[in-house]
Structure formats: structure tokens, C-alpha cells
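There are 2 protein chains.
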Amino acid sequence: MKINHTKFAILGLLTTGCHTGYSIKQMIDGSLNHFWKISYGQIYPTLKILVEEGLATVKETIQEGKPNKKEYRITNKGMEALQNWLRSPIEDIPFEKNEFILKLFFSRHEPETTAIVKLETYLERLQARYSTYSSIESMIVTSLSNEEDASYWLFTLDYGIRTTKAAMDWCRDTIQKLKEMGNAK
Amino acid sequence: MKINHTKFAILGLLTTGCHTGYSIKQMIDGSLNHFWKISYGQIYPTLKILVEEGLATVKETIQEGKPNKKEYRITNKGMEALQNWLRSPIEDIPFEKNEFILKLFFSRHEPETTAIVKLETYLERLQARYSTYSSIESMIVTSLSNEEDASYWLFTLDYGIRTTKAAMDWCRDTIQKLKEMGNAK
DNA sequence: TGGAGCATGTAAGATGTTACATGATTCG
DNA sequence: CGAATCATGTAACATCTTACATGCTCCA
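Line by line, the protein sequences give chains A and B. FYI, full-length UniProt numbering numbers position 67 of the first sequence as 67, with every residue one higher than the one before it. FYI, full-length UniProt numbering numbers position 2 of the second sequence as 2, with every residue one higher than the one before it.
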């Protein structure tokens with residue numbers, strides 16, 4: 001039996017102070033983005049399903065000066081479903097769908113210099129990601145240290161930081177190796 | 001404009017000595033699996049499309065003692081298309097859809113011990129992956145050292161090895177931290 | 001006045017997985 | 001005799017992305 005994890009991701013986000021589709025999306029883009037992505041095209045329909053299944057409730061709130069919003073809250077049944085999902089064993093070890101590595105795999109069909117340029121671009125983007133992670137980390141440490149979620153959020157962030165760092169080191173070493181290959185010819 | 005990378009992955013595999021849908025699948029599962037997956041449900045229809053577009057040719061081969069097979073070969077046009085794709089800049093830096101990390105993110109809703117068990121399971125699987133990579137690596141080094149593809153294949157493998165190793169280290173440290181959190185209570 | 005941020009939603013299409021169907025040979 | 005390996009394929013389904021549509025307020 002296959003489980004729809006996205007549904008539970010949204011359910012979980014409801015426990016972190018996000019109560020609208022819009023704020024859920026922001027949270028995903030800001031904190032979950034390195035290991036889970038969800039688009040509006042999934043968020044709003046899923047929120048509807050959650051209510052239908054009794055895992056969440058909605059209340060339309062009229063705001064002055066701002067558009068109306070629908071506030072979603074997790075129910076007891078929803079909380080149970082979330083814990084159930086947390087308890088269930090993980091299916092597969094994740095794999096990364098990596099366009100860049102795929103291209104590198106076939107790179108003997110292109111000149112070394114082209115591969116080097118691609119590696120340099122990749123390294124730059126990894127560095128950008130690394131700084132983003134670092135700034136999120138210091139933000140959590142300073143402003144959320146008493147928050148219950150904080151330690152687990154830092155663990156997941158640390159995972160991102162360490163794997164990104166490993167990838168950056170690999171990039172630098174591979175660039176070096178490719179340059180040596182070029183010189184040897 | 002969005003590019004269908006899977007199509008090019010199959011096209012690229014045609015240049016590595018794979019000529020049937022079956023052998024392409026084996027190559028994917030053996031060597032590409034850590035950064036790209038393709039199922040038969042995609043391979044066979046894509047191979048058909050490749051022929052329709054003139055990027056590959058088919059020839060049905062009658063084998064004695066074995067079922068017939070269709071042998072696909074890349075055409076000049078296909079080779080050009082492959083190089084074109086290789087040259088094109090990478091769109092996005094990849095992200096890992098990681099069910100395990102997603103669960104950890106919400107783990108304050110479960111007891112620490114449960115999280116520790118999950119981390120231990122995850123570590124075991126990472127170790128298994130690590131040994132798989134290492135054995136593929138030594139296989140390539142010993143039996144393919146003269147093959148043109150070898151160095152690029154080793155680069156991609158090294159990427160897998162390093163990021164997996166970083167994840168393993170993170171696992172061990174996080175288990176430790178969680179145990180300390182448990183003791184502190 | 002125009003853009004950014006807040007806010008919700010849908011429809012079409014792309015992409016990918018799973019289960020199923022078929023059938024030969026080889027090896028233990 | 002049964003399992004594994006070789007070999008090809010499809011239909012249904014699940015999942016996800018993209019583009020589009022709407023409209024308010026605040027600020028420069």
C-alpha cells in the first residue's frame with residue numbers, strides 16, 4: 001500500500017503555526033524546500049480533502065484591509081493520523097533526481113572544458129544553498145530556541161548543511177581532476 | 001521551455017553499450033539508480049518515440065534459445081540531440097524528496113526513542129548503499145579502466161559516496177544528540 | 001500607477017509508477 | 001518442477017507542475 005506523504009506533510013505543517021494555504025506554502029518554500037516541495041496546485045485541493053476526511057476543520061475569516069482567508073486547524077483525528085504516519089516505517093531510502101549528475105555521467109561526449117564550466121556553475125549554486133541554510137540556522141537558533149520544534153528543525157537543517165558541504169568538496173576536487181586530465185593530453 | 005530529461009537519459013544509455021529496453025533498465029538500476037530512475041513503463045514508450053523522431057533506429061533480432069529482442073542504435077541526429085542537451089545549462093539544483101527527513105521535521109509529536117529507532121534504520125540503509133557504491137567503484141576500476149566512460153562514471157559514483165558518507169556521519173551525531181536530550185530529562 | 005505581498009483556486013497536461021500479460025530457456 | 005533470467009509491452013492510476021484567473025491593500 002502506497003502512502004500519500006504530501007498529505008501528511010500538509011497535516012504536519014498545520015501543527016507548526018501555519019493555518020492558511022498561503023502560509024503553508026511559505027513555510028514549505030522557506031524550511032522544507034530542501035527535502036520536500038509542494039505547489040499550490042496540491043495544497044488547496046489537499047486541504048479540502050483533509051476537511052472532508054475529518055482531519056482538519058476550516059473557518060473563513062473576514063479580514064479588514066486584507067483578503068479573506070480560510071483558517072485550517074488540525075483535529076484530534078488528524079493528530080492521530082499524523083502520529084500514525086510518523087510511527088510507520090520509512091519505505092525507501094530517498095534518491096536524488098539529479099539532472100546535473102546525469103549529464104556528467106555522459107560527459108565524455110562533450111569537451112572537458114564544458115564539463116568544468118558546468119561544475120563551476122553547480123558549485124556556485126551549492127554555495128548559495130549553503131549560505132541560505134546557514135542563515136536559516138542562525139535564525140532558528142536566535143529566535144526559536146524555546147520553541148518545541150526547534151531541535152528537530154535544526155537536525156533536518158544540519159542534514160542539508162552537511163550533505164551540501166560534501167557535494168561542494170566533491171565539486172572542487174572533481175574540477176581539479178578534470179583540469180589535470182586536460183593538462184595530461 | 002521544459003525539457004524531458006528522461007528521454008535524454010535513455011538516449012545517453014544507448015551510447016554505453018545498451019541496446020535493448022531490458023539492458024537499459026539493468027544499467028539504470030545498477031549505475032544510474034542513485035540519481036535517476038526509469039521504469040519499463042517509461043523505457044519502452046520512450047524508445048518508440050526516439051525512433052519516430054529519428055534519434056534512434058530499431059532492428060528486431062531473432063535469437064536462438066532466447067526471446068527475440070529489439071536492438072536500438074543511436075543515429076547521428078540522436079548524437080547531435082544528446083550533445084545539445086549536454087551543452088544546455090542545468091535548470092535547477094536538485095532537491096531530494098526525502099520521506100525520512102520530512103518525518104524527522106515533525107518528530108516532536110513522537111517519543112525520542114521512536115525517532116532514534118528510525119535514525120538507526122536509516123543509518124543501516126545508508127551503510128548498505130555505501131557498500132554497494134564501493135563495490136561498483138572497485139568493479140569499474142578493475143574491469144573498465146580502459147573504457148572511455150570510466151572516469152566520468154567514477155566521478156558520479158564519488159558524488160554518491162561522499163554525500164552518503166556525510167549523511168551517515170550526520171545520522172550518528174544526531175542519534176547521539178537525541179540520546180543526550182533523553183538523558184537530560 | 002505599478003509592483004509586491006496577501007490570498008484562493010482550477011484545468012490541462014506532463015510525468016511517473018504499478019500491476020498485469022506473455023513466454024522462452026537454463027539451472028539447481 | 002520451480003525459480004531466475006531474458007525480453008517486451010500496456011492500461012490505469014497516482015502524482016505533480018504550470019499556466020491561468022481573480023482581487024484586495026500598501027507603499028514608493
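Glycine residues also receive a C-beta, built at the ideal position from the N, C-alpha and C atoms.
Distance, residue j Cα to residue i Cα
i	j	result
residue 90 of chain B	residue 117 of chain A	11 Å
residue 115 of chain B	residue 107 of chain B	7 Å
residue 51 of chain B	residue 58 of chain B	7 Å
residue 111 of chain B	residue 137 of chain B	39 Å
residue 239 of chain A	residue 45 of chain A	The structure shown does not extend to residue 239 of chain A, since chain A is modelled only from 1 through 185, so no value can be given for it.
residue 55 of chain A	residue 38 of chain A	19 Å
residue 15 of chain B	residue 27 of chain A	43 Å
residue 153 of chain B	residue 10 of chain B	16 Å
residue 170 of chain A	residue 43 of chain B	31 Å
residue 174 of chain A	residue 2 of chain A	38 Å
residue 17 of chain A	residue 151 of chain A	16 Å
residue 122 of chain B	residue 163 of chain B	14 Å
residue 101 of chain A	residue 35 of chain B	7 Å
residue 47 of chain A	residue 33 of chain A	19 Å
residue 149 of chain B	residue 184 of chain B	53 Å
residue 93 of chain B	residue 161 of chain A	15 Å
residue 98 of chain A	residue 105 of chain A	11 Å
residue 127 of chain B	residue 77 of chain B	42 Å
residue 96 of chain B	residue 49 of chain B	29 Å
residue 74 of chain A	residue 140 of chain A	24 Å
residue 180 of chain B	residue 147 of chain A	18 Å
residue 80 of chain B	residue 109 of chain A	10 Å
residue 172 of chain A	residue 4 of chain A	38 Å
residue 132 of chain B	residue 124 of chain B	13 Å
residue 29 of chain B	residue 29 of chain A	31 Å
Neighbourhood of residue i by C-beta, 6 Å cutoff - its chain only, sequence neighbours within 5 removed
i	result
residue 19 of chain B	71 and 72
residue 85 of chain A	8
residue 182 of chain A	112
Chain-order list of residues whose beta-carbon lies under 8 Å from that of residue i (same chain, five-residue window excluded)
i	result
residue 87 of chain B	none
residue 68 of chain A	60, 61 and 62
residue 178 of chain A	112, 115, 116 and 119
residue 22 of chain A	69
Residue i, buried or exposed, once every other Cβ within 10 Å from all chains shown has been counted against 16
i	result
residue 53 of chain B	exposed
residue 166 of chain B	buried
residue 156 of chain A	buried
residue 103 of chain B	buried
residue 134 of chain A	exposed
residue 129 of chain A	buried
residue 159 of chain A	buried
residue 31 of chain A	buried
Sequence-distant residues of the same chain with beta carbon closer than 7 Å to residue i, five excluded per side
i	result
residue 12 of chain B	82
residue 176 of chain A	none
residue 142 of chain A	none
residue 6 of chain B	38, 42 and 46
residue 25 of chain A	40 and 43
The ligand GTP heavy atom lying under 7 Å from the CB of residue i
i	result
residue 115 of chain A	By its list of ligands, the structure shown contains no ligand whatsoever, and the ligand GTP lies outside what it can speak to.
Item to check | chain B contacts from the segment 87–101 of chain A (Cβ-Cβ distance under 8 Å) | outcome: 87, 89, 90, 91, 92, 93, 94, 95, 96, 97, 98, 99, 100 and 101
Next on the checklist: Suppose only complete runs of 4+ residues qualify. What are the alpha helix (DSSP H) ranges in the UniProt domain "Transcription regulator PadR C-terminal" (97–179) of chain A, listed by chain order?
Outcome noted: 99–105 and 112–143
Next on the checklist: So if I threshold CB-CB distances at 9 Å, which residues from the segment 48–60 of chain B count as touching chain A?
Outcome noted: none
Checklist entry - What are the residues of the segment 21–47 of chain A that lie near chain B, defined by any Cβ-Cβ distance shorter than 9 Å? => result 31, 32, 33, 34, 35, 36 and 37
Item to check | Residues of the segment 102–116 of chain B whose Cβ lies closer than 9 Å to any Cβ of chain A, in chain order | outcome: 102, 103, 104, 105, 106, 107, 108, 109, 110, 114 and 115
Next on the checklist: As an exercise, report each continuous alpha helix (DSSP H) stretch of at least 4 residues that is fully enclosed by the segment 11–39 of chain A, in chain order.
Outcome noted: 21–27
Item to check | Selection of the segment 133–151 of chain B by Cβ proximity to chain A, strictly under 8 Å | outcome: 148, 149 and 151
Item to check | Runs of alpha helix (DSSP H) lying entirely within the segment 66–100 of chain B, each at least 4 residues, in chain order | outcome: 76–87
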